[in-house]
Amino acid sequence: AAIRSIEAPAGKPARGTQPAGVAVVSRRESAAALVHPVRRRVLEALKAPGSATTVAAVLALPRQVVNYHVRALEKAGLVEEVERIQRRGLEERIVRATAAYYLVAPDALSGKAAPASEGRDVTDRFSASYQVAMAARTIREVAALGELATKAGKRLSTMSLDSEVTFATPAARETFARDLLDAVTAVIARHHSPAATGAHTYRVFAGAHPKHFGESK
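If you read the sequence shown in the working numbering, its first letter stands for residue 241, the second for the next number, and so on.
This is the structure:
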């Protein structure tokens, strides 16, 4: 699925289509709309195109209240108009969510970008702060590049690896960290060609953290 910034709508949606892809929320106003309990329910109901009237019936809320929240979600870039239809002599707006899923960038909550290298803890490769900062940078950059690729009619070329490893002892974990660092450094040195004509630079981000036991297998 495509990933893009919420500030870069995917264009006028076709009638009857469902929202797709992942939208990255980087504005504080949009993030605030996402965490509002009523607006979150309205947004979930609009995963399928609907109107303030139909959503009000589903959520058992007054239509005026739902319409107010729909307007706020639309202003935040989380809802978009699909079409307008005539019903009982009145014009009714049909809207839907702008994406199937939303990912809130960490800097949307703090109001500034998470530093990739600032302060002792953030530059320590074994600190959680450093890993979160790099993950935040990945979210921002992939969203921005995905937007550019979509505008150019191209597919953003990325690569990801997801795996698990179980360590018998803390010492084994430390040995793994050294081996991984050495292996990645060697692979980068072997393939790095900054002077090549038409070369493209990629970021390489490797990280590991304890598995969350509440996560489904």
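Idealized CB from N, CA, C, for every residue including glycine.
Can you tell me which residues form a DSSP beta bridge with residue i?
| i | result |
| --- | --- |
| L343 | V264 |
| G290 | V335 |
| I325 | E332 |
| E320 | R336 |
Mark residue i as exposed unless 16 or more other C-beta atoms lie within 10 angstroms of its C-beta, in which case mark it buried.
| i | result |
| --- | --- |
| E381 | exposed |
| G359 | Caution is warranted here: a pLDDT of 45 is assigned to G359, below 50, making its placement in the model unreliable, and the coordinate value is therefore given only provisionally. Looking at its Cβ environment, which holds fewer than 16 other Cβ atoms inside 10 Å, G359 is exposed. |
| I428 | exposed |
| G447 | exposed |
| V444 | exposed |
| V335 | buried |
| A408 | exposed |
| H309 | buried |
| T425 | exposed |
| E368 | Looking at the sequence provided, one finds Ala at residue 368 rather than Glu. Result: exposed. |
| T338 | buried |
The alpha helix (DSSP H) with residue i in it runs from where to where?
| i | result |
| --- | --- |
| V444 | Neither: V444 is in no alpha helix (DSSP H) and is coded neither H nor E. |
| L396 | No alpha helix (DSSP H) holds L396; DSSP gives it neither H nor E. |
| E404 | Note, E404: premise wrong, no alpha helix (DSSP H); not H, not E. |
| T437 | Where T437 is concerned, there is no enclosing alpha helix (DSSP H), given that its DSSP letter is neither H nor E. |
| H432 | No alpha helix (DSSP H) contains H432, which DSSP labels as neither H nor E. |
| A285 | 277-285 |
What residue does the beta strand (DSSP E) around residue i start on, and which one ends it?
| i | result |
| --- | --- |
| E314 | That residue, E314, is in no beta strand (DSSP E); its alpha helix (DSSP H) goes 303-315. |
Is the distance from the Cβ of residue i to the Cβ of residue j below 8 Å?
| i | j | result |
| --- | --- | --- |
| A285 | L299 | yes |
| V306 | V275 | no |
| L385 | V262 | no |
| R328 | S291 | no |
| A376 | A340 | no |
| H485 | Q371 | There is no way to answer for residue 485, as the model of the chain reaches only from 241 to 457. |
Under 8 Å between C-beta atoms, does residue i make it to chain C?
| i | result |
| --- | --- |
| T441 | Absent from the structure: chain C. Only one protein chain is present. |
The ligand FAD and residue i: does the residue's C-beta get closer than 7 Å to at least one heavy atom of that ligand?
| i | result |
| --- | --- |
| K315 | With respect to small molecules bound, the structure shown includes none, and the ligand FAD cannot be examined in it. |
(message) Taking contact to mean 3 or more Cβ pairs, one atom from each stretch, closer than 8 Å, check whether the region 406-419 and the region 282-295 are in contact.
(response) no
(request) Would you check if there are 3 or more beta carbon pairs closer than 8 Å linking the region 259-275 to the region 311-327? (result) yes
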